[in-house]
Amino acid sequence: MQTKLFSLFALTFACASAAATDSPVLGKEDLLWLNRVTYGADDATITQFRALGRKKFLDVQLRANDEQLPTPIRQRIDAMSIARVDLAKTIEDFAERRKEIKADGKDAMSAEQKKEYVREGADLVRQAINRELLRAVYSPDQLKEQMVWFWLNQFNVFARKGAEPWLVSDYAEHAIRPHAMGKFRDLVMATLTHPAMLVYLDNVRNAKDHANENYARELMELQTLGVDAGYTQKDVQELARILTGVSVEFVPRNVRPGRFAPEPLGKTGAAFFPARHDFGNKTLLGQSIRGSGFKEVEEAVDLLVKQPQCARFVSRRMAEYFVADQPPKELVDAMAHTFERSGGDITDTLRTMFESKAFDASLGNKFKDPMHFVVSALRYAYNGSTRMDTDVAVNWLNTQGEVPFGHQSPDGYPLTESGWASSGQMSGRFEIARAIGAGRADQVDANTKQTPPELAGSLFVKTMLPHLSQNSLTALEQAKSPVEWNTYLLSSPEFNYR
Amino acid sequence: MNRRNFLINAAALPALGCAGKLFAAPATSPRFLFVFLRGGYDCANMLIPYSSDFYYESRPKIAIAKPDPNNATGALALDANWALAPVLRPTIGSMYAAKQVAFVPFAGTEDLSRSHFETQDNIELGLPPQQHGFNSGFLARLSGVLQGKAKPISFTDALPLSFHGGGDIANLSLRNLGKSGFDDRQTAILSDMYKGTRLQPAVSSGLQLRAEVAQEFSAEMQKANRGAINARGFAAQTYKLAELMRDRYRLGFVDVGGWDTHVNEGGAQGQLANNLDGLGQGLQTFAQTLGDEWRNTVVVVVSEFGRTFRENGNQGTDHGHGSVHWVLGGSIGGGRIVGEQVAVKQDTLLQNRDYPVLNNYRATLAGVFSRLWALKQEQLAQVFPATSARDLRLV
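So, in C-alpha cells, the structure goes:
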C-alpha cells in the first residue's frame with residue numbers, strides 16, 4: 000500500500016518537474032512579489048494574478064473593500080459567539096456581575112464562579128484568535144489581512160489581563176479592522192476610545208491627581224512618534240493629564256446627570272468622565288492645549304499624527320514589516336512624504352512602498368515570522384479547501400510564540416528576523432512543516448482521516464519549482480514519501496523567505 | 000552516558016560536521032541555571048516561619064507543624080525562625096546541611112500588579128520599573144556580556160522572554176525528547192538546503208541538537224526504565240537537562256509550572272507538597288548528575304510572587320507579593336537564610352496581606368553574576384540597568 004501510494008506520488012512529482020522545464024507559469028520576480036503582497040500565493044491567487052497583472056492586482060489589494068470569504072468559512076465565523084457580542088452590553092453585564100457578587104456579601108468570586116469565568120474568557124479569546132487566523136488564510140483581501148495583523152501588533156493589547164478576554168475580539172473587529180487601510184488618525188482614535196486599549200495600558204486608572212502615565216507614554220513611544228522623536232518626560236506627563244477621565248465604566252456609580260455625567264465615546268462602553276478629568280491647561284510638544292474636556296484629546300491626537308516624526312515612524316514600521324529589517328532611508332523618506340501629504344493615509348503610503356524600487360530590490364529576502372510561515376503553509380496545504388482546523392494551527396503559533404493577542408508588553412512582536420530564527424525555532428518550524436505536510440490541520444470526523452495535502456500537483460508548486468535553488472531541488476528529489484516531500488518544500492529557504 | 004560516549008555518538012553523525020565546536024567552553028568556567036516557578040509558589044509553606052504565632056493563626060487549615068522530633072510531618076528546623084517543608088527533608092534538607100542551599104526570603108520585584116503574566120514578564124525583562132526598552136531579556140543580555148564564555152540554552156518549548164533579543168540562542172523542549180525530530184538522513188537533507196544561507200548555523204545547530212539529544216535520551220530512557228533514575232516528572236527532566244548543562248551548555252533556563260494553588264493547597268502533604276517534592280528531587284538529580292562540576296555550578300530558583308500570608312476560604316492562597324528565592328550550588332556558602340529580613344507578624348505584612356519585598360531579585364542576581372564571572376560594573380549595568388548589585392557572599 001505504502002509503495003503504491005508513493006509511486007503514484009513520485010509520478011506526480013515527475014510531472015511537476017517536467018512541467019518545470021516548460022515556460023514558467025510566472026517569472027521569479029512576479030512570484031516573489033506575489034508572495035510579499037499576499038500571505039502566500041495559492042492556486043487561486045496565481046490565477047488571478049495572471050489575469051490582472053501586477054498593477055491591477057495591487058489595485059484590488061489596496062482597495063480591499065469587500066471581504067469575500069468562502070461561504071463555509073463565513074459560516075464558521077458567523078457561528079462564533081463573538082460575532083454577536085455587543086460590547087457596551089458586555090460591560091454592563093460585567094458591572095452587574097460585580098454587583099451581584101458584592102450583594103452576596105463577599106468581596107470576591109467563589110472558586111466555582113472563578114473557574115467558570117476563566118473558562119468563558121479563554122473560550123472568547125480562542126474564538127478571537129481563530130477568527131483572525133481563518134481570515135488570514137482564506138480572505139482574498141490578503142494585503143488588508145496583513146495590515147490588520149500589523150496594526151493589532153502596533154496597537155498591541157494582551158488577552159490575559161483583567162477584562163481583556165471580553166474585549167479583544169471587538170477591538171480587532173471594530174477598532175482595528177475598519178481602519179486598517181484608512182486614515183492613521185482614525186486608527187489612533189478608534190484604539191484610544193476602545194476599552195481594550197484603556198484597560199491594557201491602564202488609562203482606566205488615569206484620573207486627575209492620580210495620573211497614570213502608562214498609556215500616554217506608549218501612545219507616543221510605540222504607537223505614533225517612536226522613542227527617539229524628541230518628546231520629553233514633561234510631554235508624557237502632559238499627555239497623561241490630557242487623557243485623564245478617558246475610561247470605561249465597569250462598576251456603575253450613581254452619577255447624577257448634568258455637568259459631570261460620563262459622555263459615551265462611541266458604542267464601545269468607553270466614556271469620558273469629566274469628574275475624573277484634569278481641566279487645567281496643558282502644553283504638549285510646545286503647543287498649548289486649553290483645558291476643555293475630551294476635545295483636548297482630539298487636539299492632542301491631531302498634533303501627534305501631524306508630526307513629521309509620526310510620518311517617519313509609522314512609515315518605517317510598515318517598511319520593516321513589508322520590506323526589510325533595515326529598510327533603506329530613501330524608501331522611508333518617500334513613504335513619510337506620502338503619509339504627510341495624504342493626511343496620514345495608510346493605503347497611499349502602502350502604494351508608495353509597493354511601487355518603489357527598494358521594494359522590488361528586497362524581494363525574497365525578508366524572513367517569514369511564524370504568522371507568515373504558518374499562514375502561508377496553510378494556504379498551500381489547503382489551497383482553497385475549507386477543511387482546516389484552526390485550533391491545531393493556533394497551537395503551532397503558540398509553540399512558535401506568536402499567537403494573536405498573546406504579547407504581554409506593548410511593543411508587540413518583533414518584526415525582524417532575529418526574533419524568530421533561533422536554532423530551536425528553526426527546528427520547531429521544520430516540525431510544523433512536517434505536521435502541515437502530513438495533514439495534521441485537517442478537520443476530521445468519524446468517517447474521514449487526515450491525509451497529506453497533494454502539494455506536488457498544485458499550480459503553485461508548478462510555479463515555484465523552476466525558481467527553487469539546486470539545494471532545495473536536491474532535497475525534494477531525496478524525499479521518500481509525500482509527507483517528506485511536503486516537509487522539505489515547506490522547510491526550504493525559498494518558502495521561509497518572502 | 001559519559002562524556003566519552005557522547006563524543007562518539009556526536010562523531011557518528013558525519014553529515015553535521017561541526018559537532019566538536021559544542022565543547023569549546025573551558026572546563027573550569029562556571030555554570031548558571033535559572034529555574035522559574037511559574038504560577039507564584041507559596042513560599043510560606045516551603046520555608047516555614049515557625050517561630051511566628053501569626054503564621055499558625057493565619058493558616059488554621061494548611062499550616063505545617065513546628066519542628067518536632069516525634070512528628071514526621073513537622074517541619075525541618077533550619078535556624079531559630081525558619082524551617083523547611085518536611086517533604087523536602089531528604090532532598091533539599093540534606094543539601095542544605097551540606098551548605099549547598101541558601102534561601103533568600105522577602106525576595107521579589109517592585110511589581111505590585113499581582114498579575115502572573117505581567118510580573119513574570121517583568122522579571123524576565125529584568126528592567127527597573129518605568130524603564131523601557133523591550134525585546135530583550137536579562138539572560139540574553141548576560142549571554143551577550145559573557146561573549147561566548149557561557150553557551151546559553153533554554154529548556155523550554157519556545158524561547159522565553161529571558162532569552163529574547165540575544166541572537167541565536169538554542170531552545171530545546173524537554174517534553175518530546177524521546178520522539179525524534181527527524182532521523183539522520185532527514186536532518187542532513189534539511190541542513191543541506193540551508194547551505195550557504197545566513198540561517199545555516201541556526202538550522203544546523205538546531206537540527207543537530209534535536210537529533211543528538213533524541214538519540215541520547217532514547218538510550219537514557221531505557222536505562223531509566225531499569226530503575227537507574229527517578230522517572231517522575233521534573234526529576235526525570237532535570238536529568239536530561241543536567242547532562243546537557245554538564246557537557247555543553249553553561250547558561251540555562253528552565254521553567255516549572257503548577258504552583259497557582261488557590262484551592263486545596265495542602266500542608267505537609269497535598270498539592271504544594273507534591274510539587275515541592277518533584278522540584279526537590281529534580282534539583283538533587285541535577286546536582287548529582289553534574290558530579291564534580293556541581294562545584295562550578297549555581298542554580299537560582301525564582302517565582303513571580305509569593306502568595307497571601309493568610310489562607311483563603313478554599314484552603315488555598317491567593318496572589319501575593321514577596322517570595323522566597325533559592326540559591327543552590329556545590330560550593331556556595333549555603334546552609335544559611337540570607338538577605339534582609341523582618342519578623343513575620345501582622346504589622347510587617349505588605350498591605351496587611353503579603354510578605355514585603357526587601358531583597359530585589361535583580362540586585363541579588365547581579366551579585367551572584369558579578370562573583371561568578373567577575374563582571375565589571377558596566378557589564379552588570381548592561382544586564383540589569385540601574386541596579387546596584389547586592390553581594391550575599393554565596394558564590
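Those sequence lines, one after another, are chains A and B.
Last residue of the first sequence? That's 497 in numbering that gives the first Met the number 0, and every number before it is there in order.
Last residue of the second sequence? That's 394 in numbering that gives the first Met the number 0, and every number before it is there in order.
Every residue gets a Cβ at the ideal spot worked out from N, C-alpha and C, and that includes glycine.
Taking a beta-carbon distance threshold of 8 Å, GLU292(B) does not count as an interface residue toward chain A.
ASP52(B) is outside the set of residues whose beta carbon lies under 8 Å from a beta carbon in chain A. In this structure the region 118-132 of chain B does not touch the region 346-356 of chain B; the number of beta carbon pairs closer than 8 Å is below three. Your pair ALA201(B) and ASP156(B) does not check out as a contact, with CB atoms roughly 17 Å apart and the cut at 8 Å.
Taking C-beta atoms as the reference points, ASN170(B) and SER421(A) count as a pair closer than 8 Å. Nearest CB-CB separation between TYR230(A) and chain B: not below the 8 Å threshold. Under the criterion of beta carbons closer than 8 Å, PHE105(B) and VAL299(B) do not qualify as touching, at roughly 16 Å. When the beta-carbon positions are compared, TYR199(A) and VAL156(A) come within less than 8 Å of each other. Residue pairing from DSSP places VAL301(B) in a beta bridge opposite PHE35(B).
In terms of Cβ geometry, SER114(B) and LEU250(B) do not form a close pair [threshold 8 Å]. Contacts with chain A at 8 Å (Cβ-Cβ) do not include GLY338(B).
With respect to the C-alpha of TYR360(B), the residue from HIS324(B), TYR193(B) and ILE91(B) having the closest C-alpha is HIS324(B). DSSP places GLY251(B) inside the beta strand (DSSP E), whose first and last residues are 250-255. Listed by position along chain A, the residues whose Cβ is nearer than 7 Å to that of ALA201(B) are ALA420, SER421, SER422 and MET425. Distance check between ASN64(A) and each of ASP85(A), LEU191(A), LEU142(A) and ASP324(A) places LEU142(A) closest, using alpha-carbon atoms only. Of the candidates ILE152(B), ASN313(B) and ASP317(B), ASP317(B) places its Cα closest to the Cα of ARG306(B).
With its beta carbon less than 8 Å from one in chain B, ASP410(A) belongs to the interface. Bounds of the alpha helix (DSSP H) holding GLY436(A) are 422-436. DSSP, reduced to helix, strand and coil, places PRO151(B) within a strand of the structure shown.
Inclusion of LEU224(A) and GLN308(A) in the CB contact set at 8 Å is warranted, their separation being smaller than that value. For GLU310(B), the secondary structure class from DSSP, reduced to helix, strand or coil, is coil. Contact between PRO151(B) and GLY165(B) holds: their C-beta atoms lie close to 7 Å from each other, under 8 Å. Within the DSSP bridge table, the entry for TYR214(A) names no partner. Under a criterion of Cβ atoms nearer than 7 Å, the residues of chain A adjacent to ASP120(B) are, in order, GLN407 and SER408. Taking 9 Å as the upper bound on Cβ-Cβ separation, chain A lies near no residue of the region 269-297 of chain B. Scanning the region 221-304 of chain A for uninterrupted alpha helix (DSSP H) segments of 4 residues or longer gives 232-242 and 293-304, listed from N- to C-terminal end. DSSP lists no bridge partner for ILE72(A). DSSP, read as helix, strand or coil, puts ARG159(A) in coil. Taking one beta carbon from each stretch, the region 45-63 of chain A and the region 370-390 of chain A have fewer than 3 pairs nearer than 8 Å; the two do not touch. Annotation: SER135(B) is outside any alpha helix (DSSP H) and is labelled neither H nor E by DSSP. A Cβ of chain A is located within less than 8 Å of the beta carbon of LEU158(B). Straight across, the Cα-Cα distance linking GLN283(B) with GLY333(B) is about 15 Å.
For PHE358(A), the closest Cβ of chain B is not nearer than 8 Å. With respect to VAL255(B), VAL86(B) sits apart: the two C-beta atoms are not nearer than 8 Å. VAL100(B) has LEU327(B) as its beta-bridge partners, per DSSP.
The C-alpha of VAL331(A) is placed about 42 Å away from the C-alpha of LEU364(B).
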